[in-house]
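Okay, structure first, notes after.
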Amino acid sequence: MEAISIYPIGYVVSPVDHVRDMPSGGVAAEIEVLPQFQPALERLEENSHLWIQSWFHQAPRDKLLAHPRGDLNLPQYGVFSIRSPGRPNPIALSLTKLLKVEDGRLYLQRLDAINGTPVLDIKPYFEGDIIFSPRTPYIRGRTRSSHQEQMLRRAIAHHQEKCHYLYLGVRMAVVADEVFGHLNNPELLVDVTGSPCLADTIQGLSRARLANPARFSFNPSATLQQTIWTLPNRGILTLTWLGQRDIMECADEELFSMDFKLE
Ligand SMILES: [Zn+2]
-14 MEAISIYPIG YVVSPVDHVR DMPSGGVAAE IEVLPQFQPA LERLEENSHL WIQSWFHQAP
46 RDKLLAHPRG DLNLPQYGVF SIRSPGRPNP IALSLTKLLK VEDGRLYLQR LDAINGTPVL
106 DIKPYFEGDI IFSPRTPYIR GRTRSSHQEQ MLRRAIAHHQ EKCHYLYLGV RMAVVADEVF
166 GHLNNPELLV DVTGSPCLAD TIQGLSRARL ANPARFSFNP SATLQQTIWT LPNRGILTLT
226 WLGQRDIMEC ADEELFSMDF KLE
């Protein structure tokens, strides 16, 4: 194999010095661009968001398989199928908000690279980069609690607040997932009656859209909190909240009535 030579165009300046201390999602950081490359920053501030490619110099390069986030409760994936830092070429790709550019220094809202990380490239983020609901692996924990934790994390990332109905949505989604095996199934239809927060959480977890393909419907209600999951030729699962408030604490049967009909 022929080697390709790449050199840093700058370095990350971050308050975090060790990988173990980096919170997921990163921290506010700067990039100090080397003087000979600073002309390439001309008009960069016209962009609100940037793709940053950096070189995770401490990551192992001999890794071809890994558990997502290093969590042994999750199945193993090839490193090209997940975003494990360890990989043959440990190039990190981060999307971040540019706050300002000053004297060859980029001030970024968040970056998950430690202090001193070499930066390889900077590119603007365009609206055309958005794909609203891509197909991504359905990573499932080996136990219910690890699976539920996964779902909770995904729900919070989607809904952006830890509200009462988010927790209810997660509990309902875990049960539906156990019945149907896969919530991203393009055939699985979801109908939500209740709070917009419940609907948004369920939509985020099931990736069910209102159209193209139409898998999702929503009826706002202040009195009833219900999800109906329909898999043609399999069955219809109806989950109706019984009104218990300590949602993450109680058992399924205390939390909702469950009705499953074969179709
Ligand atoms: Zn909410």
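The sequence shown begins at -14 in this note's numbering and counts up one residue at a time. Note that the Cβ used here is the ideal one computed from N, Cα and C, for glycine as well.
Does the CB of residue i have a neighbour CB from chain D at under 7 Å?
i	result
L19	The chain inventory of the structure shown lacks chain D, comprising one protein chain alone.
Closest to residue i by C-alpha separation, out of the options, would be which residue?
i	options	result
D6	I99, S79, S66 and L59	I99
A77	W40, Q61, F111 and D88	W40
K48	H3, A14 and S66	S66
S180	A51, R194, D162 and Q210	Q210
I16	N169, L26, Q229 and A207	L26
I need the boundaries of the alpha helix (DSSP H) containing residue i, first residue and last residue.
i	result
M136	R129 to H144
F165	H149 to F165
E31	Taken as a continuous stretch (DSSP letters only), E31 belongs to no alpha helix (DSSP H), as it is neither H nor E.
With burial defined as no fewer than 16 other Cβ atoms inside 10 Å of the residue's Cβ, what is the status of residue i: buried or exposed?
i	result
H132	buried
A140	buried
I(-9)	exposed
S(-1)	buried
Q135	buried
G10	exposed
What's the C-alpha gap between residue i and residue j?
i	j	result
L151	R192	15 Å
L137	D185	13 Å
I221	G189	20 Å
V104	D56	27 Å
K108	S33	11 Å
R127	Q61	11 Å
T208	T121	35 Å
G63	P73	11 Å
I37	R125	29 Å
C148	A51	33 Å
L83	D114	17 Å
V(-3)	A158	40 Å
K85	E30	7 Å
Taking residue i as part of the beta strand (DSSP E), name the residues at either end of that continuous run.
i	result
P109	P103 to P109
I221	G220 to W226
For this session: Measuring from each Cβ to the nearest heavy atom of ligand 1, keep the ones under 6 Å and list them in chain order.
Result: Cβ atoms closer than 6 Å to ligand 1 belong to H144, E146, C148, Y150, L151 and C182.
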